[in-house]
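Trainee:
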Ligand SMILES: Nc1ncnc2c1ncn2[C@@H]1O[C@H](COP(=O)(O)OP(=O)(O)O)[C@@H](O)[C@H]1O
Ligand SMILES: [Mg+2]
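Protein chains in written order, with the numbering used here: chain A, 3 to 308; chain B, 36 to 288.
1) Residue 240/B and residue 218/B - do their beta-carbons sit closer together than 8 Å?
2) Once the 5 residues before and after residue 59/B are set aside, which same chain residues still bring their CB inside 6 Å of it?
3) Could you name the residues of chain B that residue 134/A contacts, counting a contact when the two beta carbons are closer than 8 Å?
4) Compute the Euclidean distance between the alpha carbons of residue 142/B and residue 217/A, then round it to the nearest angstrom.
5) Find the residues of chain B that neighbour residue 76/A, judging by a C-beta separation of less than 7 Å, and give them in chain order.
6) Any residues in the segment 112-126 of chain B with a beta carbon nearer than 7 Å to a beta carbon of chain A? Which ones, in chain order?
7) How do the segment 128-137 of chain B and the segment 76-88 of chain A stand: do at least 3 beta-carbon pairs fall below 8 Å, yes or no?
8) Can you check which of these residues, 260/B, 209/B, 189/B, 75/B, is closest to residue 144/B by C-alpha distance?
9) Would a check of beta-carbon distances place residue 208/B closer than 8 Å to chain A?
10) Any beta-carbon of chain B closer than 8 Å to the one on residue 152/A?
11) Residue 148/A lies in the beta strand (DSSP E); which residues open and close that run?
12) So, using beta-carbon positions, are residue 103/B and residue 181/B closer together than 8 Å?
13) In chain A, which residues lie less than 7 Å from residue 54/B when you measure between Cβ atoms?
14) Could you give the DSSP three-state label for residue 201/B: helix, strand or coil?
15) Confirm, please, whether the CB-CB distance from residue 278/A to residue 260/A is below 8 Å.
16) Which same chain residues end up closer than 7 Å to residue 258/A when comparing Cβ atoms and leaving out the 5 residues on each side of it in sequence?
17) Spell out whether any CB of chain B is found under 8 Å from the CB atom of residue 40/A.
18) Is residue 283/B a contact residue of ligand 1, with contact defined as CB to any heavy atom under 7 Å?
19) Using 8 Å as the threshold, is the C-beta distance between residue 231/B and residue 223/B below it?
20) What span of residues does the beta strand (DSSP E) with residue 25/A cover, start to end?
21) Using 8 Å for Cβ pairs, my map puts residue 95/A next to residue 134/A. What's the rounded Cβ distance?
22) Do three or more CB pairs link the segment 113-130 of chain B to the segment 42-57 of chain A at distances below 8 Å?
23) Taking the alpha-carbon of residue 230/A as reference, which of 41/A, 255/A, 276/A, 267/A has the nearest alpha-carbon?
24) Below 7 Å between beta carbons is the criterion; list the residues of the segment 39-60 of chain A that meet it against any residue of chain B, in chain order.
25) Excluding five sequence neighbours on each side, which residues of the same chain lie with their C-beta closer than 6 Å to the C-beta of residue 124/B?
26) Rounded to whole angstroms, what is the Cα-Cα separation between residue 115/A and residue 46/A?
27) Please report whether the beta-carbon of residue 281/B lies at a distance below 8 Å from any beta-carbon of chain A.
28) Return the CA-CA distance between residue 112/A and residue 211/B, expressed in angstroms with no decimal places.
29) Report the three-state DSSP secondary structure of residue 279/B (helix, strand or coil).
30) Looking only at its own chain, which residues have a Cβ that is under 6 Å from the Cβ of residue 24/A, when we skip the five neighbours before and after it?
31) If you compare alpha carbons, which of 157/A, 122/A, 164/A is closest to residue 139/A?
32) Leaving out the 5 sequence neighbours to the left and right, which residues in its chain are closer than 8 Å to residue 308/A when beta-carbon positions are compared?
33) Based on DSSP bridge pairs, tell me the residues matched to residue 229/A.
34) Between the alpha carbons of residue 204/A and residue 152/A, how many angstroms are there, rounded?
35) State yes or no: is the beta carbon of residue 188/A nearer than 8 Å to at least one beta carbon in chain B?
36) Going along chain B in order, which residues have a C-beta closer than 9 Å to the C-beta of residue 12/A?
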């Protein structure tokens with residue numbers, strides 16, 4: 003597969019002196035859905051804004067479809083559509099006017115039929131003459147998408163597209179994103195939910211504190227991250243793990259009140275049944291048993307210190 | 036040249052103006068009428084002619100300039116400040132357009148509004164006093180040049196401002212006093228020599244003088260000097276705008 007976007011040694015230091023991006027290297031393949039996953043403040047928006055021309059990169063090179071984003075900005079920006087994180091709209095404009103404005107801004111001749119089709123796809127056609135301030139939050143989000151698609155971009159950035167969108171609308175939105183992918187559009191979305199990245203993406207990149215920690219195919223990454231923990235609350239704190247159980251690679255919590263067993267949830271045989279049998283034959287008793295899926299924070303720790 | 040983008044911005048700005056057309060047109064026209072009632076008739080009838088021109092007619096060019104200056108600045112500064120304030124500027128910044136095209140859209144629209152306004156005030160004045168325009172082309176040239184220059188200046192203010200107060204402060208604290216002291220209502224030749232010299236530091240004097248010359252061939256300073264001063268100011272604004280877009284000042288972080 004060919005590369006549509008490549009980023010080389012990109013750094014961003016804001017005027018405040020804060021380094022939001024640290025030596026980013028990333029390649030996005032043509033036609034894929036790429037999820038950029040990271041906690042708040044990781045640098046996702048900064049990265050997208052640098053590619054789209056809203057943030058000045060401090061250092062490095064960004065190439066879109068063979069064009070440099072600074073020297074050939076007209077070519078790269080014509081290819082890109084951006085749905086920003088914030089819902090910023092002209093409250094007093096109508097839906098129809100604002101979407102046509104966007105198309106013109108991106109240098110395309112008017113095409114009412116295409117705009118009509120886009121608005122219909124996003125269920126906004128019956129709102130075309132409404133002023134934007136009369137729209138609900140979900141409609142505004144879809145309007146931002148319509149604006150971003152109005153000039154028929156080949157690369158679409160969705161910056162936290164589901165923030166504040168309810169479950170049903172979220173499903174519709176993913177449906178539309180898949181449809182776009184089928185028309186050959188490359189999609190790069192950001193999120194801080196692992197589940198969202200898992201559901202949508204072909205590949206996932208994890209960003210933390212301005213650094214891309216890993217980029218991998220979704221399935222490979224999910225295997226890595228599929229580790230779960232079985233936590234056993236002990237009745238009485240133990241000094242050490244009893245000899246017959248050493249083969250299980252069990253760990254204590256710092257207070258030694260819990261035994262922790264880490265297993266791979268994607269495997270059929272996770273060993274839990276055998277472990278419980280061994281524990282009971284060792285005569286150990288528990289107050290409680292529960293499982294724990296690695297949170298995003300834990301995944302970062304896991305990835306940073308393998 | 037991204038013609039579609041220029042048209043899109045220009046249309047957007049003009050339709051924003053169109054939505055408040057009553058307010059945008061009526062308020063300057065009404066205040067002009069008030070000036071004529073107060074200065075032209077009530078007070079003007081007791082003031083002798085200036086350079087052989089009746090007082091009512093004498094103040095027409097200055098009144099037009101006063102409105103054109105303030106409206107250019109307020110329209111252009113608001114036009115660019117508002118998208119910055121609401122965040123919709125992201126779209127302009129990420130579009131395939133360069134700064135010349137952005138200027139043609141925003142400043143072009145603001146200047147167009149000022150020109151329309153100037154012509155309307157001129158027509159309104161025609162109802163109150165006899166008007167004669169000796170050099171209509173020079174008159175129109177001054178109107179266009181002033182509208183463009185001060186719209187550009189307003190655009191710069193709209194980018195510099197980081198709050199609505201700052202947006203108002205320059206027109207209120209600087210432009211209005213300069214315009215009032217710039218010979219809108221009197222010839223600076225009527226001042227003592229010292230204040231005449233001080234007035235020559237006021238750029239608005241050159242605008243009004245040149246504009247008035249195109250009507251009555253009566254001027255405080257020579258026509259070429261007037262033109263030169265506007266060009267100098269226009270150049271300063273262009274240099275500033277170029278710097279703004281080159282560095283991304285207050286537009287990009
Ligand atoms: N204009 C700015 N000036 C200084 N720091 C900024 C600016 N914008 C963002 N930051 C900082 O850069 C970091 C990354 O921000 P952002 O890219 O918005 O993160 P994300 O989108 O992943 O939540 C944050 O710590 C944020 O506070
Ligand atoms: Mg963000």
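The beta-carbon is built from N, C-alpha and C at its ideal position, and this holds for glycine as well.
What you are looking at is a predicted structure, and each value in this text was computed from that prediction instead of being measured.
Mentor: In terms of the structure at hand:
1) Residue 218/B sits at position 183 when you count from the first residue of the second chain. Residue 240/B sits at position 205 when you count from the first residue of the second chain. Annotated as proximal: residue 218/B and residue 240/B, with beta-carbon spacing under 8 Å.
2) By one-based count along the second chain, residue 59/B stands at place 24. Correct list, in chain order: 52.
3) In the first chain, the residue the question calls residue 134/A occupies position 132. Those within 8 Å of residue 134/A in chain B number zero; the least Cβ separation is about 10 Å.
4) Counting from 1 along the second chain, the entry for residue 142/B is found at position 107. Counting from 1 along the first chain, the entry for residue 217/A is found at position 215. In this structure, the straight-line span from the alpha carbon of residue 142/B to that of residue 217/A is close to 45 Å.
5) Here residue 76/A is taken as the residue at index 74 of the first chain, counted from 1. Near residue 76/A (Cβ distances below 7 Å), the residues of chain B are 131.
6) Result list: 121, 122, 123, 125, 126.
7) These segments touch.
8) Mapped onto the second chain, residue 144/B falls at position 109. Comparing Cα positions, the closest option is 189/B.
9) The sequence position of residue 208/B within the second chain is 173, counting from 1. No, no contact with chain A.
10) The count along the first chain starts at 1 and reaches residue 152/A at position 150. So no, residue 152/A is outside the interface.
11) To locate residue 148/A, count along the first chain from 1; it is residue 146. Run containing residue 148/A: none in the beta strand (DSSP E); it sits in the alpha helix (DSSP H), 139-151.
12) By 1-based counting over the second chain, the position of residue 103/B is 68. By 1-based counting over the second chain, the position of residue 181/B is 146. Contact annotation: residue 103/B and residue 181/B have beta-carbon atoms nearer than 8 Å.
13) The sequence position of residue 54/B within the second chain is 19, counting from 1. Residues of chain A whose Cβ lies closer than 7 Å to the Cβ of residue 54/B are, in chain order, 94.
14) Locating residue 201/B in the second chain gives position 166, counting from the first residue. For residue 201/B, the secondary structure class from DSSP, reduced to helix, strand or coil, is helix.
15) Here residue 260/A corresponds to residue number 258 of the first chain, with the count starting at 1. Here residue 278/A corresponds to residue number 276 of the first chain, with the count starting at 1. No, Cβ-Cβ distance for residue 260/A and residue 278/A is not below 8 Å.
16) As a first step, residue 258/A must be located in the first chain, where it is residue number 256. Around residue 258/A: 239, 240.
17) In the first chain, the residue the question calls residue 40/A occupies position 38. Output row for residue 40/A: interface = no.
18) Along the second chain, read from residue 1 onward, the residue named residue 283/B stands at position 248. No - ligand 1 has no heavy atom lying nearer than 7 Å to the Cβ of residue 283/B.
19) Translated into the one-based positions of the second chain, residue 231/B becomes position 196. Translated into the one-based positions of the second chain, residue 223/B becomes position 188. Yes, Cβ-Cβ distance for residue 231/B and residue 223/B is below 8 Å.
20) Your numbering for residue 25/A matches position 23 in the first chain. For residue 25/A, the uninterrupted beta strand (DSSP E) segment begins and ends at 21-31.
21) Position 93 of the first chain, counting from 1, holds the residue named residue 95/A. Position 132 of the first chain, counting from 1, holds the residue named residue 134/A. The C-beta separation of residue 95/A from residue 134/A comes to about 6 Å, placing the pair in contact by the 8 Å criterion.
22) Yes: at least three Cβ pairs fall under 8 Å.
23) As a position in the first chain, residue 230/A is number 228, starting the count at 1. When only C-alpha atoms are compared, the closest one is 267/A.
24) Within the segment 39-60 of chain A, the qualifying residues are 54, 55, 56, 57, 58.
25) Against the second chain, residue 124/B aligns to sequence position 89. Taken in chain order, the residues that qualify are 118.
26) Counting from one through the first chain, the residue named residue 115/A turns up at place 113. Counting from one through the first chain, the residue named residue 46/A turns up at place 44. A straight line joining the alpha-carbon of residue 115/A with that of residue 46/A spans about 34 Å.
27) In the second chain, the residue the question calls residue 281/B occupies position 246. Not closer than 8 Å to any Cβ of chain A, the Cβ of residue 281/B fails to qualify, so no.
28) Reading the first chain from its first residue, position 110 is the one you call residue 112/A. Reading the second chain from its first residue, position 176 is the one you call residue 211/B. Using only the alpha carbons, I get a separation of about 42 Å.
29) The sequence position of residue 279/B within the second chain is 244, counting from 1. Reduced to three states, the DSSP call for residue 279/B is helix.
30) Indexing the first chain from 1 puts residue 24/A at position 22. If you ignore the 5 residues before and after residue 24/A, its C-beta comes within less than 6 Å of the C-beta of 212, 213, all in its own chain and listed in chain order.
31) Locating residue 139/A in the first chain gives position 137, where the first residue counts as 1. When only C-alpha atoms are compared, the closest one is 164/A.
32) Taking the first residue of the first chain as 1, we reach residue 308/A at position 306. Unreliable placement is indicated for residue 308/A, whose pLDDT of 48 sits below 50; the coordinate value is still reported in the next sentence. Apart from the 5 residues on each side of it in sequence, residue 308/A has no Cβ closer than 8 Å to any other Cβ in its chain.
33) Translated into positions along the first chain, residue 229/A becomes position 227. Residue 229/A is bridged by DSSP to 266/A.
34) Reading the first chain from its first residue, position 202 is the one you call residue 204/A. Reading the first chain from its first residue, position 150 is the one you call residue 152/A. Residue 204/A and residue 152/A have their alpha carbons spaced roughly 25 Å apart.
35) Taking the first residue of the first chain as position 1, residue 188/A is located at position 186. Judged by the 8 Å Cβ criterion, residue 188/A is not in contact with chain B.
36) Stepping through the first chain from its first residue, residue 12/A is reached at position 10. The premise fails here: residue 12/A is roughly 15 Å from chain B at the closest Cβ pair, so nothing lies under 9 Å.
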